[in-house]
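Protein chains in written order, with my numbering: chain A, 1203 to 1531; chain B, 1203 to 1531. No residue lacks a Cβ here, since even glycine has one placed at the ideal position from N, Cα and C. Data first, discussion second: the structure below is written as structure tokens.
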DNA sequence: CTGAAAGCGCTTACAG
DNA sequence: CTGAAAGCGCTTACAG
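As structure tokens, then:
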């Protein structure tokens, strides 16, 4: 910029005015400055600019894994909202590792992002208190922060499972299995709660071997399901706690002699083309990203009430066939 | 930092040394500085630091759409490599709009990212020349840049289609259809070339109504496929130019009276569970992201030869059933 | 309409 | 071992 000013024979401030299209520059001077800019190939350094203006026009997004379709949809929605507010997006995957999440979050904060959208891993987010106090707007999404009262956008996990399990009960099932993710994950715990509540509401006892929580690796899901389907009183239906579980369950059930009913949490592509097509409780991934990002920018613009907001998005039961199978005799 | 220095009764440079764990500070002084840091809740501003050191430790990633599974996998791989090099990642989706791509790229450059990984949209990337000359390392991925000689990591598109079409021919098909994406997209054009080459290599004539290029919206694919399947000499097999086309084709073909063979470009989840399971030419999305990012950091570290590199990754034919169906009589 | 000075928060290159 | 000065590339708050 100094070089441009020298070449155009003007002061620094005048170059700044031209670059920022501020008024108060004679067309003549502006033209001279522009010529110098072009000749020198000058490109404003936004990092320097933002150091001075104290707003970085950037937002940090931390999620579990960008490669998971659910988070990919959420991510894209956050990006679109950020763009509409003129902000750039830093992204990072925590891989469900609290240490990695913290590293990412603090690295974003050290760059002085204006705000954060975080799918939290782990159960203690007090490390964020100094950052939030320092003015970094922060919205959690999919799961609430641990030991920290902050903005959060959630899916109605328990309600969704209640609806799905009630659907199975309405189709005549009494012995219904549930396979969920690690119980430390908030959404997993909430979904298990929904399962218990739906069973209790129908006056059904839950046998301990009907539900299991743990990593959603194919091997574990496969083993868990096999054990539910064996024994004298096997389950006649399964509620799958997330789309990783559903996919493995479909594989296992397709090799089963008698048909087992299945409802999965979270929709997935091609669910309608499987045989039977898979009934799911669908959550709105883009909707969650959009809500979270909009809440974030409302905060940044000072348009949100001071107390932390808690938004819960509804789910939708999509019946396709697998959830309407009657109990095997 | 000034406040910390004042409180600890030391110079700015000493604070800087403590913060950066540089040697040459007595344990005693360091402790005093650390106490001041804690008391004041000081957190280094990396933006300011990077302004001075002239390296931003950040990389910009521009792709077509993070929500597309192919790019999601690629994206995650770029992120992992960036992390291992201590760099943060800016991401943005171009939505196949050259103007939007340029906006994103230039915004990243204005922040002075060290490098760019770009899935190019459009056919003219000369706007990047000044940035590359100014030292922004740039690697294109999935498609080459338009009118610009730069690093690029590609899939063997034509070769992959040749292999897939040859596979159909080996299973007795002679009238084989091809549905591709917009011909301005490099990968789409290359795949069409592969189709033509495979047919020619087998001495088969290609009727004009057997192939069609255009948007991969379900409606268009549906209509294109319907027309190929009608008439006196309908195709007996289809090569689907990308996974959007494959998915729609599966839907249409499942409602078809006679079985039509299908091979798709790019693998997708649950392809093995469909009936028939779908034979695909699989490309390695994470591998492409990894190669591109590694090439980028090699450039940044001055370890790559000066001339632009061109990396072509192999594909893999995965036979699952749909591609091995014999021609309908 | 225009520009010189000070400063954003840090590091570099020195000197002590 | 320690620190004062200059500077990264820009904007802010003034004064002319």
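Neighbour flag for residue 1247/B against chain A, beta carbons, 7 angstroms: Contact with chain A is found for residue 1247/B, since one of that chain's Cβ atoms lies less than 7 angstroms from the residue's Cβ.
Ordered list of alpha helix (DSSP H) runs contained in the segment 1434 to 1512 of chain B, each at least 4 residues: If we require 4 residues or more, the alpha helix (DSSP H) runs fully inside the segment 1434 to 1512 of chain B come out as 1445 to 1456 and 1487 to 1502.
Cutoff 7 angstroms; reference residue 1492/A; Cβ partners in own chain excluding five residues on either side: Around residue 1492/A, the same chain offers 1279 and 1283 as residues with beta carbons nearer than 7 angstroms, after the five sequence neighbours per side are excluded.
Proximal residues of chain B, C-beta to C-beta of residue 1281/A below 8 angstroms: In chain order: 1268, 1293, 1294 and 1295.
Residue 1522/A beta carbon less than 7 angstroms from that of residue 1487/A: Cβ distance not < 7 angstroms, so residue 1487/A and residue 1522/A don't count as in contact.
Opposing strand residues paired with residue 1342/B [DSSP bridges]: BP columns for residue 1342/B point to 1320/B and 1354/B.
Test: residue 1332/A CB closer than 7 angstroms to a CB of chain B: Interface with chain B (7 angstroms Cβ-Cβ cutoff): residue 1332/A is included.
Three-state secondary structure (DSSP) of residue 1295/B: Judged by DSSP in its simplified three-state form, residue 1295/B adopts strand.
Alpha carbon of residue 1410/A to alpha carbon of residue 1367/A, nearest angstrom: So the alpha carbons of these two residues sit roughly 17 angstroms apart.
Residue-chain proximity (residue 1278/B, chain A), Cβ-Cβ < 7 angstroms: Using a CB distance cut-off of 7 angstroms, residue 1278/B counts as an interface residue toward chain A.
Contacts of residue 1250/A in chain B (Cβ-Cβ under 7 angstroms): Chain B residues near residue 1250/A: 1253.
Reduced DSSP secondary structure (H/G/I, E/B, other) of residue 1308/B: In the structure shown, residue 1308/B sits in a helix (DSSP, three-state: H, G or I).
Rounded distance between the beta-carbons of residue 1210/B and residue 1234/B, thought under 8 angstroms: Indeed, because the Cβ distance is near 5 angstroms, the residues count as touching under 8 angstroms.
Any C-beta of chain B under 7 angstroms from that of residue 1424/A: No, because no Cβ of chain B sits closer than 7 angstroms to the Cβ of residue 1424/A.
Within 8 angstroms of chain B by C-beta, residues of the segment 1444 to 1464 of chain A in sequence order: Those would be 1449, 1452, 1453 and 1456, in chain order.
Any C-beta of chain A under 7 angstroms from that of residue 1232/B: No, residue 1232/B does not count as interfacial toward chain A.
The segment 1313 to 1328 of chain B contacting the segment 1223 to 1240 of chain A, beta-carbon criterion three pairs below 8 angstroms: Contact fails: fewer than three Cβ-Cβ distances are below 8 angstroms.
Endpoints, the alpha helix (DSSP H) within which residue 1272/A is located: For residue 1272/A, the uninterrupted alpha helix (DSSP H) run begins and ends at 1271 to 1286, by DSSP.
For residue 1378/A, the three-state DSSP class (helix, strand or coil): Strand.
Residue-chain proximity (residue 1313/B, chain A), Cβ-Cβ < 7 angstroms: Yes, residue 1313/B counts as interfacial toward chain A.
C-beta neighbour in chain B for residue 1491/A, strict 7 angstroms: For residue 1491/A, no CB of chain B lies under 7 angstroms from its own CB, so it is not counted at the interface with that chain.
Nearest candidate by alpha-carbon position, reference residue 1384/A, set 1212/A, 1508/A, 1277/A and 1423/A: Measuring C-alpha to C-alpha distances from residue 1384/A to each of 1212/A, 1508/A, 1277/A and 1423/A identifies 1423/A as the nearest.
Boundaries of the beta strand (DSSP E) in which residue 1519/A is found, first to last residue: Boundaries of the beta strand (DSSP E) around residue 1519/A: 1518 to 1520.
Whole-number beta carbon distance between residue 1354/A and residue 1346/A, since they are thought to touch under 8 angstroms: Yes, residue 1346/A and residue 1354/A are in contact; Cβ-Cβ is about 5 angstroms, under 8 angstroms.
Member of 1435/B, 1414/B and 1434/B whose CA lies at the smallest distance from the CA of residue 1425/B: Ranked by Cα distance from residue 1425/B, the options 1435/B, 1414/B and 1434/B are led by 1414/B.
Range covered by the alpha helix (DSSP H) that runs through residue 1218/A: Going by DSSP, residue 1218/A is part of the alpha helix (DSSP H) stretching over 1214 to 1221.
Contact list for residue 1477/B against chain A, beta-carbon separation under 7 angstroms: Residues of chain A with a Cβ closer than 7 angstroms to the Cβ of residue 1477/B are, in chain order, 1477.
Partner residues on chain A for residue 1258/B, Cβ-Cβ distance less than 8 angstroms: Neighbours of residue 1258/B in chain A, taken as residues whose beta carbon is under 8 angstroms from its own, are 1249 in chain order.
Coil, strand or helix - residue 1432/A by DSSP: In this structure, residue 1432/A counts as coil in the three-state DSSP scheme.
Run of the alpha helix (DSSP H) containing residue 1397/B, from where it starts to where it stops: If you look at residue 1397/B, you'll find it in the alpha helix (DSSP H) that goes 1388 to 1403.
Enclosing beta strand (DSSP E) for residue 1249/A [first to last residue]: Careful: residue 1249/A lies outside any beta strand (DSSP E), inside the alpha helix (DSSP H) at 1248 to 1255.
From 1510/B, 1443/B and 1527/B, residue whose alpha carbon lies closest to that of residue 1419/B: Residue 1419/B has its Cα closest to that of 1443/B, out of 1510/B, 1443/B and 1527/B.
Cutoff 6 angstroms; reference residue 1526/B; Cβ partners in own chain excluding five residues on either side: Contacts found: 1373.
For residue 1423/B, the three-state DSSP class (helix, strand or coil): In the structure shown, residue 1423/B sits in a helix (DSSP, three-state: H, G or I).
Residue 1231/B - containing alpha helix (DSSP H), residue span: In the DSSP assignment, residue 1231/B falls within the alpha helix (DSSP H) that extends over 1229 to 1242.
Beta-carbon spacing of residue 1378/A, residue 1428/A below 7 angstroms: Not closer than 7 angstroms, so no.
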